Amino acid sequence: MPGPSDHGAPARDEEAARSGPAARTAVVGAGIVGLAAAHALRARGADVTLYESGPPGGGQSAGQGRIFRHAHEDPRLVALVARSRALWREWEQEFGLELISPDGAVAIGDGVEDKLRTLEPFEEIPVRRLAPEELHERLPLLAAWTGPAMLDVDGGAIRTLAAVAALTDRLEDAMLREHVLSVRRTDAGPVEVRTGTTCETYDHVVLCAGRGTAPLARGAGLDLPVEVGAHVRLTFAVTPGGPAGRGLPTFQDGSGAFGETGVYAAPYPDGRHFSVGLSADTPARPDGGLADPAALAALADRTVAYVERALPGLDPRPVDHVHCWVTRLPWGDDGVGIWSGDGLTALAGHNLFKQAPALGEALAETALTGAVPGHLHHGQQLGRSAG
Ligand SMILES: Cc1cc2nc3c(=O)[nH]c(=O)nc-3n(C[C@H](O)[C@H](O)[C@H](O)COP(=O)(O)OP(=O)(O)OC[C@H]3O[C@@H](n4cnc5c(N)ncnc54)[C@H](O)[C@@H]3O)c2cc1C
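Note that the working numbering numbers the sequence shown so that position 209 is 209, with each residue one more than the last.
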């Protein structure tokens, strides 16, 4: 990634990092992004405090399994995701764990050709079309499909619980289990963080608080255009006699052939469960509550109906639910951005699990140099949708 010289003059944080004692930094939120940021800050010699009000990984990072895929509409985001894939491998080495399954990411539907076209310039990302026979062999859970299909060879299911547990274990001594009420830039320079029972100041504060980021940032004078919705994902068991125990790929269905145009699914590490969700949310009210709880139930019902039509290899009675708030930026479903200035950095976006190692690296660099690397400055609208 480009260094600070690509982004103008270094800020006071860079001078502090070069000369004085270790920079005193705080990260708010121990979801996957905050954990990654705290880990990267420590690796760069910073003194880190990680604030978390609930169980680490209990917000948008909750539950087993996420999809790692390289295909994104914005080629700049493809490059960030490729960097992240390399860092996931480094984490696998560091923690001695498999963190992304080796079974690839499958996508079907008319969008496949666009995805292949976007990925074509990236020679280091192996992708190919799948013929119906190979699709069936790799994903025998799926009903008959003879249309476009592709395999992202280095994609796969992220072992989310293992990743959160490994990072939490590594950062336990940095963790402060407190709810952050306010973050404030002081006239003297340092940034103040107030919780129920503490008040501390830091050279730099990084907000990775998911749904809590925009309210905290607003109090410190940063306005983030975050839209909040609620999402549901269901988990189903592979039917007895089905391909239990074998490696299954992750799955995205943009075909509409089975009654839904945006569906994602990922296998559990046991190979006996598959989580399935629709790429749809239901919005929050301005006061933060759910506008229409019945809409969340309706999304769950649509997910079950989809499984009945498209995935006959699954028992359509859900065995597990993930309900959670999701945060989006207005420029696209995969939109992500960093806001930074005067000792405070905030990150917002959606579908961030796969990018977490690269985002952690970028947030650490921002905190220590004052410059937002790559295309992550919010003004660049990384992850912008064409449509
Ligand atoms: C069902 C589902 C499926 C998804 N599928 C994919 C996928 O396939 N691929 C992918 O890449 N992404 C996927 N995503 C998105 C991805 O999971 C999220 O973008 C990512 O987990 C966000 O992580 P985060 O650390 O930014 O936020 P969070 O995980 O929400 O972490 C924020 C943390 O901050 C804490 N916090 C908040 N406010 C405060 C406060 N004031 N004081 C102290 N602590 C605070 C919260 O308790 C929370 O633990 C999916 C999301 C969901 C919900």
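Where a beta carbon is used, it is the ideal one built from N, C-alpha and C, also for glycine.
All values reported here derive from a predicted model rather than from experimental measurement.
Query: Is residue 381 near ligand 1 - that is, is its Cβ less than 7 angstroms away from at least one heavy atom of it?; Result: no
Query: Examine ligand 1 and report whether any of its heavy atoms sits within less than 7 angstroms of the Cβ of residue 208.; Result: yes
Query: How would you label residue 285, buried or exposed, when you count the other beta carbons within 10 angstroms and need 16 or more for buried?; Result: exposed
Query: What beta strand (DSSP E) runs, 3 residues minimum, are completely inside the segment 201-245?; Result: 204-207 and 227-237
Query: Hey, how far is the Cα of residue 24 from the Cα of residue 72?; Result: 36 angstroms
Query: Report yes if the C-beta of residue 64 is less than 7 angstroms from at least one heavy atom of ligand 1; otherwise report no.; Result: no
Query: Could you name the residues of the same chain whose beta carbon sits closer than 7 angstroms to that of residue 56, not counting the 5 residues immediately before and after it, in chain order?; Result: 30, 35, 164 and 168
Query: Does DSSP put residue 374 in a helix, a strand or coil?; Result: coil
Query: So does residue 353 have its beta carbon nearer than 7 angstroms to some heavy atom of ligand 1?; Result: yes
Query: Could you tell me the alpha carbon to alpha carbon distance between residue 307 and residue 261, rounded to whole angstroms?; Result: 13 angstroms
Query: Tell me, please, which residues DSSP counts as bridged to residue 51.; Result: 28 and 176
Query: Tell me the DSSP secondary structure of residue 122 in three-state form.; Result: coil
Query: Under the three-state reduction of DSSP, which class applies to residue 366: helix, strand or coil?; Result: helix
Query: Would residue 18 be called buried (16 or more neighbouring beta carbons within 10 Å of its own) or exposed?; Result: With a pLDDT of only 45 at residue 18, under the threshold of 50, the placement of this residue in the model should not be trusted; the figure read from the coordinates follows. Result: exposed.
Query: Where does residue 160 fall in DSSP's three states?; Result: helix
Query: Please list, in chain order, all residues of the same chain as residue 336 whose beta carbon is under 6 angstroms from its beta carbon, the five residues on each side excluded.; Result: 349, 382 and 383
Query: Around the Cβ of residue 344, are there at least 16 other Cβ atoms within 10 angstroms (buried) or fewer (exposed)?; Result: buried
Query: Quick one, are the C-beta atoms of residue 51 and residue 195 less than 8 angstroms apart?; Result: yes
Query: On the three-state DSSP scale, how would you describe residue 2?; Result: Bear in mind that the predicted position of residue 2 carries a pLDDT of just 32, short of 50, making it too unreliable to give a figure here.
Query: Who are the near neighbours of residue 81 in its chain, counting only those whose CB is closer than 7 angstroms to its CB and skipping five residues on each side?; Result: 70, 72, 354 and 355
Query: Spell out the partners DSSP gives residue 72 in its beta bridges.; Result: For residue 72, which the question treats as bridged, DSSP gives no partner whatsoever.
Query: Going by beta carbon distance, what residues of the same chain come within less than 8 angstroms of residue 400, once the five residues before and after it are set aside?; Result: Residue 400 cannot be examined here, being either before or after the span of the chain that is shown, 1 to 387.
Query: Please state whether DSSP places residue 314 in a helix, a strand or coil.; Result: strand
Query: When you compare the segment 277-296 with the segment 224-239, are there three or more beta-carbon pairs, one atom per stretch, that lie closer than 8 angstroms?; Result: yes
Query: Give the single residue among 267, 211, 95 and 152 whose Cα lies nearest to the Cα of residue 130.; Result: 152
Query: Here's the rule: buried if 16 or more other CB atoms are within 10 angstroms of the residue's CB, otherwise exposed. What is residue 319?; Result: exposed
Query: Tell me, which residues are paired with residue 323 by DSSP?; Result: 232
Query: Pull up the distance between the alpha-carbon of residue 315 and that of residue 309, whole angstroms please.; Result: 11 angstroms
Query: Kindly examine ligand 2 and report whether one of its heavy atoms sits closer than 7 angstroms to the Cβ of residue 26.; Result: Absence of ligand 2 from the depicted structure is noted, with ligand 1 being the only ligands included.
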